[in-house]
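Asker: Here's a structure for you.
Protein chains in written order, with my numbering: chain L, 9 to 892; chain Y, 29 to 252; chain Z, 7 to 111; chain H, 779 to 1187.
This is how it looks when you write it as structure tokens:
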């Protein structure tokens, strides 16, 4: 215990490790308890077993699992909050010093301007001193910007056979890297997850009863009746949280992949929670299989990286791929970017090849590790000598080269994995079906854990995405957000609408990441988590209140019935729509601004701005449609309306808390300033300098003696970031106009009911049908993938049954024959021998039995006779010895 | 033919004859009596040999203790003193034959190996270790380790650890062992309920050997 | 063989006692009789010890001490044996060792 | 020559044992008569009733020896002899005076205990061989009692042996020569207690009252010698009285200074006389003999006193029950004797060097004072011994006696 505390003291990163492990602990606890319960159940009756059985919950296991899981995740939240506070405190001390010295410098200058004479000289001296101090502060600022807690240990070490010493060989590591991004993710995930747990206690309460009747499953004897699965649900939730936290915690791709798969299986288990329902099990399978497709790409990327770089560790990968910031002569022109070149066949010597720098070369230079000693390093690039010797199979501390297309492929592969997880355009089909799971699960998947994982991973791996890969990401996001939004317009299932809104919001994030809005995308990820969780929980509350009625066509006018739900959901709607001063506003405008800047610099990608801009309006439209259809107007279904009621406090309290968060979680000072968001500022700390290198036009020509590099706008019209910075309000206002239009439309149609949606449907029946069929993706996949797969599968099955099984059966038949002969041999000869020995022994024993009379005196006689015999024999030998 | 020789022959005759009587008699109590004379004769031989302490111990332990114990055993377990526990003449024959062979072997072994006997030591020469010497040997104050090679020990063993050899520890061990044995015996033979209900069959001489009630006749069981 | 008493005479007497004890063990069916036989054998050993102590100065201490040990251990043995006999009697209502044949093969 | 000497010694001892037995029988009668107001012994048998004992002897000699029908004749005959031999052999190692002992043994006391322990066997054989259940019971009881009382007795004997550092009785009693405070009974508290414990055990060992369960007439007719008569019967009593004197002699030798007169500043007599009549260079054997004769007298008187005490106890105290006898031995005397043994060892090792010899003086003084006080009381009360009409005596009565209770004689 004390060691653990000291560990916390000396390395605050362990806060987050602990926060990760706590849900796992609760998972294990609940699992063991349930296992004991099941093991003891048959043996009820004996007092001991009864006592234990009741200890583990008895006949009707209460809410204990829920309390355990909720307590665990709440504890994780507290831990990560403490860790986050300590982290930010350690980080921001640099900046406070900088700002304060800047302030002093400023007023010194003003006073210097005012003053004259000798005190002016004094002031000048002071100014110089302050400037010199500020230079060092700039260094500190840089170090603060890339500040991180890390640590790792070798989990299993792969070394060539016969290589015994533990240091060589490559190791799969488990570790943690805490920068401000992951710290924020921790707080967000644990917080939202805690609220969702709390919500679930109420929502899943009917699973508490020993017998639950599932109205959606029809058996021959009526509805299915099964035992409640309260504990199982919370067990899965805990595992889910653990996997997500572990993913956020990871400092290497391998660990990420592990938790990646864990998240996948958890989503499978939770989506298929009501696995008796055909639809639920189908949805679970669908989610799982679609994710497998993505993971195939992920594994591909991992393999490429492993073979070329020999490491999974994020920082090592980035150091290897991106050019170092400085070398012994100061800043580099290509600092932080990929350095490409061509191998020229000449100059090959002792396992090296000479690589010549060219802007579009087919190879990428791999830079040596470590890079902490920039003095001894001589950079590559136009401003340095443009040749470097690379090794064929480079060690980590040597120069190397890998083909550029492989790098792109690796990036695309990893992105494919993210596409699967985050339900991006080609693979988005599983997410709406995932609504089959319980609503809290949907909330968890959509807000905090699963879909966030993809975006988070893209953000994490940003430095290894080549330009083409980033473009693919951006377009994928653009297409996704548009497609999903259009589908969401026509959906009438309240949860489906939210699902598609999630998809489109994720598209926003992807797009932002693709166009260099690293901060914007992850910022949106965080804010979206809050209001999307809020929206889902609200929908869950509505569904709960309407007795599992999800169709909005049967709702309406529910506002007086459930005020809290309605108001909180309204807040969520406004937030996602991007009304100013709500969280969505800050993040979405940042994305739009970044897209605008990108499009300005690269006009050929105009759609990358138009799609999100238009979709902003569509989003506002369908979200307000959702809210208005649900809560306003006169009820469409009297029955549902009569039954409707407000949810218990365990469900409303999370709503209120989340509503507050989704209003003011992103506020900064001044509040109305979109650029001054506290959250964005924090995320910005974690930004890798590669982002600046790709989109920021970092100027490194400042000489070394001036200190380190910093960011300046060289040519504003070529700098997406600066353009975005200057035109933030332009993009924001455009979006706001569209948003207002969308909201007004929705109000006219669904609240005032001046316009009738049916007319629109009649006017564009094809479009409507097309949208209702979700752009016919499922049909497309079934035609292109599923059916061919089935046909091929049938062939393979035939081959399997006939040929493979035939061979196996033949072999089996032969072996049976052999063993029969062998058995004969065994029975006759081997056993014959054994029995012979046994019988002989038995017969001998039967003979010798007569000696054992059981009469003491006969034993004595034997004894004496034996003694005499031995004595005589001895005497004989002694005589022989004496005789010589 | 000194007096001691005469005494030896007397005692030896008494011992041997009484031992034979122990073998041949069929009444167990008489056997005990014969055994008493045997043991007494043996102790007399010890006194004759000058081993006073051993002789006295023999008397105290054997005659006063063991033999009384044996007789108590007889009394406590007697269905009837004259119950027939004879064995067949064949077994008698076998036992006697084997015994004679054994005796022949034993006698022959040392008569043949050393016809004249070890030296010509006569009784009466005062070279027997008296009790004081014995005690000193027990305490290791007097050298008590074999000197010669007769016991197979190297000849110079007494030069090095002459005073080291002490029989105190074995003596203690034996005494503790004796205590343990007594406790164990008392536990084993503690008064238990007879398995057979009802009084035992009355012996012909009217000796009532029904199970002891207050333990007055059960020195082993009742007194510890 | 001279009439002057020497080591032989004691050894012969010890042998006689030993044989008597052996035969006693071999011919008695009474458990206590067998115990007496054991005592005889032990006495034979004791006689030999003391005789050696007397006639072989090398053993003038050991002989007596071993004799003492033999006597004490004989007492212990008798106590245990009698306890066993009593138990045997409690269980079989007899001391005829021939009835103790539950384990006879 | 030594054969003749051995025979002479044996004869002397036999005569002493037999004679003392006769004397003890007479004494027993007188004591019983005195204590229990038995009028017979105070009247019959001529002067001091000495003829009575002679008559008894003649009667026993001429009486017929009965052997019951279902007795085991051999064992029946063997019993008395074994018992008598046990008691008699003990005298072989019993020194009557300095150096006057039949067989000087360095382990005399051990030898005596050993041979006296064989007496049990005679009694067992007698009890069994008689073929009578009373005899059998008596024998069994007797055997159990004697076997168990041997243990604390031997332990108590070990106490002075530890003090003296030898088992040679002669040596031990010589150590106690000089003043009475040199007697081992006063040596230290443990020897003091050991004396009383030993005496109790000895009383029980030679089956005297109140431990005479063997011949508890009220329960079993006469114990192991129910069936005996005549000479064999008298052998038992010779054994008993012999044992009485033997244990008393042991007590005297171990605790009460043996043949030392107890007068202060008088060293061991025989050597004194020898050097007095002769010189230190060649002491005269005449003086030796004279001194030793006095020693013998002193020793025997002491022994007789103890025997008298045994009789006194017998005719004073009621008889115990057999389980009480066993309990007394095994629950009280045995632990006490063990404690005494340990205590005396500790005393010899740790305490004795500090308190010697003052403790002896103190204890001796206290005991003598006590004794004197008791003697004074007895003497003063004996002068007007009240004899009530019921014949019960009341030794410790105070105050004037009502005259009508005084028996005129």
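Even for Gly, the Cβ is constructed at its ideal location relative to N, Cα and C.
Keep in mind that this is a model prediction, so the values were computed, not measured.
Mind pulling the alpha helix (DSSP H) runs of 4 or more residues that sit fully within the stretch 817-854 of chain H?
Answerer: 817-821, 828-840
Asker: Strictly under 9 Å for the Cβ-Cβ distance: is residue 780/H near chain Y by that measure?
Answerer: yes
Asker: For residue 329/L and residue 774/L, I'd like the C-alpha separation in whole angstroms.
Answerer: 49 Å
Asker: Tell me whether residue 758/L is buried or exposed, calling it buried when 16 or more other Cβ atoms sit within 10 Å of its Cβ.
Answerer: buried
Asker: Taking the alpha-carbon of residue 1071/H as reference, which of 1038/H, 864/H, 822/H, 916/H has the nearest alpha-carbon?
Answerer: 1038/H
Asker: Please list, in chain order, the residues of the stretch 60-86 of chain Y that have any C-beta partner in chain Z closer than 8 Å.
Answerer: For the stretch 60-86 of chain Y, which is checked against every Cβ of chain Z, the residues closer than 8 Å are 60, 63, 66, 67, 70, 73, 74, 77, 78, 79, 81, 82, 85, 86.
Asker: If you count every other CB in all the chains shown that lies within 10 Å of the CB of residue 426/L, and 16 or more means buried, which is it?
Answerer: The residue in question, residue 426/L, is buried, as its Cβ has 16 or more Cβ neighbours within 10 Å.
Asker: Does any residue of chain L bring its CB to less than 9 Å from the CB of residue 22/Y?
Answerer: No statement about residue 22/Y is possible, as the shown extent of chain Y runs from 29 to 252 and does not include it.
Asker: Report the three-state DSSP secondary structure of residue 73/L (helix, strand or coil).
Answerer: helix
Asker: Please report whether the beta-carbon of residue 865/L lies at a distance below 9 Å from any beta-carbon of chain Z.
Answerer: Judged by the 9 Å Cβ criterion, residue 865/L is in contact with chain Z.
Asker: I'd like to check one pair, residue 50/Y with residue 30/Z: are the Cβ atoms closer than 9 Å?
Answerer: yes
Asker: Assuming residue 892/H contacts residue 92/Y under a Cβ cut-off of 8 Å, what Cβ separation, rounded to an integer in Å, is found between them?
Answerer: 7 Å
Asker: Count the other CB atoms, across all protein chains shown, that sit within 10 Å of the CB of residue 309/L; report buried if there are 16 or more and exposed otherwise.
Answerer: buried
Asker: For a test of the three-state rule: what should DSSP assign to residue 158/Y, helix, strand or coil?
Answerer: coil
Asker: So, helix, strand or coil for residue 761/L, using DSSP?
Answerer: coil
Asker: Hey, would you say residue 388/L sits closer than 9 Å to residue 347/L, going by beta carbons?
Answerer: Contact check for residue 388/L against residue 347/L passes: the beta carbons are separated by less than 9 Å.
Asker: When DSSP labels each residue in this structure, what does residue 250/Y get in the three-state scheme?
Answerer: For residue 250/Y, the pLDDT reaches just 38, beneath the cut-off of 50, and the residue's location in the model is therefore unreliable, although a value from the coordinates is still provided. Here residue 250/Y sits in coil by DSSP.
Asker: What does DSSP give as the partner residues of residue 399/L in its beta bridges?
Answerer: 360/L
Asker: Only counting runs of 4 or more residues, tell me where the alpha helix (DSSP H) segments fall wholly within the stretch 467-516 of chain L, in order along the chain.
Answerer: Complete alpha helix (DSSP H) runs here, min 4: 475-498.
Asker: Quick one: list the residues of chain Z neighbouring residue 113/Y, beta-carbon separation under 7 Å, in chain order.
Answerer: Taking a Cβ-Cβ cut-off of 7 Å, the neighbours of residue 113/Y in chain Z comprise 35, 36, 102, given in sequence order.
Asker: Per DSSP, what kind of secondary structure is residue 893/L in: helix, strand or coil?
Answerer: What the structure shows of chain L is the stretch from 9 to 892, and residue 893/L is not part of that stretch, so it cannot be assessed.
Asker: Evaluate residue 81/L with the Cβ neighbour count: other Cβ atoms within 10 Å of its Cβ, from every protein chain shown; 16 or more gives buried, anything less gives exposed.
Answerer: buried
Asker: Is any beta-carbon of chain L found at less than 9 Å from that of residue 133/Y?
Answerer: yes
Asker: Could you pull out every residue in the same chain whose Cβ sits closer than 6 Å to the Cβ of residue 225/Y, ignoring the five residues on either side in sequence?
Answerer: Note that residue 225/Y has pLDDT 45, beneath the 50 cutoff, so the model's placement of it is unreliable and no number is given.
Asker: Around the C-beta of residue 540/L, are 16 or more other C-beta atoms found within 10 angstroms, so that it is buried, or is it exposed?
Answerer: buried
Asker: Give me the Cα-Cα distance between residue 834/L and residue 858/L, rounded to the nearest whole angstrom.
Answerer: Roughly 35 Å between the two C-alpha positions.
Asker: From residue 865/L to residue 59/Z, what distance separates their C-alpha atoms?
Answerer: Going from the Cα of residue 865/L to the Cα of residue 59/Z covers about 33 Å.
Asker: In three-state terms, what does DSSP make of residue 186/L?
Answerer: strand
Asker: For the alpha helix (DSSP H) holding residue 315/L, just list the boundary residues, first then last.
Answerer: 286-317
Asker: Could you pull the start and end residues of the alpha helix (DSSP H) that residue 645/L belongs to?
Answerer: Looking at the DSSP string, residue 645/L is not in any alpha helix (DSSP H), and its letter there is neither H nor E.
Asker: Under 8 Å between beta-carbons, which chain Y residues line up against residue 91/Z? List them in chain order, please.
Answerer: 101, 105
Asker: Would you report the Cα separation of residue 210/Y and residue 89/Z, rounded to the nearest angstrom?
Answerer: Spanning the alpha carbons of residue 210/Y and residue 89/Z requires a straight line of approximately 10 Å.
Asker: Only counting the same chain, and skipping five residues up and downstream in sequence, which positions put a Cβ closer than 8 Å to that of residue 196/L?
Answerer: 456, 534, 537, 538
Asker: Using a threshold of 9 Å, state whether the C-beta atoms of residue 447/L and residue 551/L are closer than that.
Answerer: yes
Asker: Quick one: what's got a C-beta closer than 6 Å to residue 61/Z's C-beta in the same chain, skipping five residues either side?
Answerer: 13
Asker: Quick check on the DSSP output: the alpha helix (DSSP H) that includes residue 1104/H runs from which residue to which?
Answerer: 1100-1105
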